[in-house]
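These notes concern the structure reproduced below.
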């Protein structure tokens, strides 16, 4: 009778309806997990920023452009907002990262003292997350011109603010800034004195953070060529990623010994 009709309708529509309901339930569970994870990250970020405020530390790490859905930045602080802001006259460059790869220029000399065509210069420094600032090579050249990059790097390490893929933009005055790219990875099992290896994925992430800032500012980028053994075996990756991300004048320097 009537019960059989109901059962028949259940057999016809039940599987279809159950599948839709199951898919909806899975989607809801995934959305709930995403919300919970976002809330967890936000709480961790707030705890971290509270520690930084107590320590008088301000992060110079540029935000991840893929996570800028809201006004909050990935690594906090007014310094990040200031770094990402740009002069009015550079506003037309805001979309300069789209399109074809940018050409690179090559020169012999010191990237810290390279010319920038009269505009702001951003010098790239390839670093690891150890917190130890080397006293030789290009690091010595950086320190000879300004002590701010070393101070910022060591402060970032002390405050747990150095991670692979980070890009810390340090203003040095007189139209010069240094961007600390945390892209070198040390093998703890390697013998003492073994140079770190370049992590191409981390460099990709770090340059993605820097590129839109440099474009909005209309700045030029200046990079030392990594020496042999200092990640130099992967220099092709560096050059490819510079071409991919840099939409501003970019010069690579071969240091004359």
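Numbering (our numbering), first residue to last: 10 to 266.
The beta carbon of each residue, even a glycine, is placed where N, CA and C say it ideally should be.
Exercise. When burial is assigned at 16 or more other CB atoms within 10 Å of the CB, is residue 38 buried or exposed?
Worked result: Your numbering for residue 38 matches position 29 in the chain shown. Residue 38 should be labelled exposed.
For this session: Determine the DSSP secondary structure at residue 170, reduced to helix, strand or coil.
Result: For this step, residue 170 is matched to residue 161 along the chain shown. Residue 170: coil per DSSP, three-state reduction.
Problem set entry | Sheet register partners of residue 232 (DSSP bridge) | For the purposes of this step, residue 232 is identified with residue 223 of the chain shown, where counting begins at 1. In DSSP, residue 232 forms a bridge with 261.
Problem set entry | Residue range of the alpha helix (DSSP H) that includes residue 185 | By 1-based counting over the chain shown, the position of residue 185 is 176. Taken as a continuous stretch (DSSP letters only), residue 185 belongs to no alpha helix (DSSP H), being part of the beta strand (DSSP E) at 185-191.
Exercise. Which residue from 247, 63, 217 and 193 puts its Cα closest to that of residue 140?
Worked result: Here residue 140 corresponds to residue number 131 of the chain shown, with the count starting at 1. Comparing Cα-Cα distances from residue 140 to each of 247, 63, 217 and 193, the minimum goes to 193.
Exercise. Given that a residue counts as buried once 16 or more other Cβ atoms are within 10 Å of its Cβ, and exposed if not, what is residue 112?
Worked result: Locating residue 112 in the chain shown gives position 103, where the first residue counts as 1. Label assigned to residue 112: exposed.
Exercise. Are the beta-carbon atoms belonging to residue 176 and residue 70 less than 8 Å from one another?
Worked result: The residue given as residue 176 occupies position 167 in the chain shown. The residue given as residue 70 occupies position 61 in the chain shown. Yes, they are a contact pair.
For this session: Note down the Cα distance separating residue 230 from residue 41, rounded to an integer number of angstroms.
Result: As a first step, residue 230 is located in the chain shown; it is residue number 221 there, counting from the start. As a first step, residue 41 is located in the chain shown; it is residue number 32 there, counting from the start. Approximately 42 Å between the Cα atoms of the pair.
Exercise. With distances taken from CA atoms, which of 57, 50 and 45 is nearest residue 171?
Worked result: Here the question's residue 171 lines up with position 162 in the chain shown. Taking only the C-alpha atoms, the option nearest residue 171 is 57.
For this session: Determine the direct distance from the alpha carbon of residue 33 to that of residue 147, and round the result to whole angstroms.
Result: On the chain shown, position 138 is the one that residue 147 refers to. On the chain shown, position 24 is the one that residue 33 refers to. Taking the straight line from one Cα to the other gives about 56 Å.
Problem set entry | residue 254: first and last residue of the uninterrupted beta strand (DSSP E) it sits in | Along the chain shown, one-based indexing puts residue 254 at 245. Residue 254 -> not in any beta strand (DSSP E); alpha helix (DSSP H) instead, spanning 244-254.
Exercise. Where do the ends of the alpha helix (DSSP H) carrying residue 146 lie?
Worked result: Within the chain shown, numbered from 1, the residue matching residue 146 stands at position 137. Element bounds for residue 146: 146-154.
Problem set entry | Cβ separation of residue 215 and residue 247, assumed to be a contact under 8 Å, to the nearest whole Å | As a working mapping, residue 215 is identified with position 206 in the chain shown. As a working mapping, residue 247 is identified with position 238 in the chain shown. About 11 Å separates the two Cβ atoms, so there is no contact after all.
Problem set entry | Rounded C-alpha distance that separates residue 149 from residue 265 | Counted from its first residue, the chain shown places residue 149 at position 140. Counted from its first residue, the chain shown places residue 265 at position 256. Cα-Cα distance, rounded: 15 Å.
For this session: Note down, in chain order, each residue of its chain lying with its Cβ closer than 6 Å to the Cβ of residue 158, except the 5 sequence neighbours on either side.
Result: Counting from one through the chain shown, the residue named residue 158 turns up at place 149. Cβ neighbours of residue 158 beyond the five flanking positions: 151, 179 and 187.
For this session: Let me know if residue 262 comes out buried or exposed under the rule of 16 or more other beta-carbons within 10 Å of its beta-carbon.
Result: Here residue 262 corresponds to residue number 253 of the chain shown, with the count starting at 1. So residue 262 counts as buried.
For this session: Please go through the same chain and pick out, in chain order, the residues whose beta-carbon is closer than 8 Å to the beta-carbon of residue 74, but skip the five residues on each side of it.
Result: Numbered from 1 along the chain shown, position 65 holds the residue referred to as residue 74. These residues qualify, in order along the chain: 217, 218 and 221.
Problem set entry | Selected residue, minimal CA-CA separation from residue 62, among 168, 201 and 174 | As a first step, residue 62 must be located in the chain shown, where it is residue number 53. For residue 62, the nearest C-alpha among the options comes from 168.
For this session: Let me know if residue 27 comes out buried or exposed under the rule of 16 or more other beta-carbons within 10 Å of its beta-carbon.
Result: By one-based count along the chain shown, residue 27 stands at place 18. Under this definition residue 27 is an exposed residue.
Exercise. Less than 8 Å separating the beta-carbons of residue 199 and residue 162?
Worked result: Residue mapping note: residue 199 aligns to position 190 of the chain shown, counting from 1. Residue mapping note: residue 162 aligns to position 153 of the chain shown, counting from 1. Against a cut-off of 8 Å, the Cβ pair of residue 162 and residue 199 comes out as no contact.
Exercise. Taking the continuous alpha helix (DSSP H) assigned at residue 216, which residues delimit it?
Worked result: Position 207 of the chain shown holds residue 216. Residues 209-226.
Exercise. Once you ignore the five residues that flank residue 244 on each side, which residues in its own chain have a CB closer than 7 Å to its CB?
Worked result: Locating residue 244 in the chain shown gives position 235, counting from the first residue. Correct list, in chain order: 234 and 235.
For this session: Enumerate in chain order the residues of its own chain whose CB-to-CB distance from residue 185 is below 6 Å, with the five nearest sequence positions on each side excluded.
Result: Sequence index remark: in the chain shown, residue 185 carries index 176 (1-based). If we look at residue 185 and ignore the five residues flanking it on each side, its Cβ neighbours are 130.
Exercise. Within this structure, are the beta carbons of residue 212 and residue 250 separated by less than 8 Å?
Worked result: The count along the chain shown starts at 1 and reaches residue 212 at position 203. The count along the chain shown starts at 1 and reaches residue 250 at position 241. For residue 212 and residue 250, yes; Cβs fall inside 8 Å.
Exercise. With distances taken between CB atoms, is the gap from residue 173 to residue 138 smaller than 8 Å?
Worked result: Mapped onto the chain shown, residue 173 falls at position 164. Mapped onto the chain shown, residue 138 falls at position 129. In this structure, residue 138 lies closer than 8 Å to residue 173 by Cβ.
Problem set entry | Span separating the alpha-carbon of residue 181 from that of residue 72 | Here the question's residue 181 lines up with position 172 in the chain shown. Here the question's residue 72 lines up with position 63 in the chain shown. Rounded to the nearest angstrom, the two C-alpha atoms are 20 Å apart.
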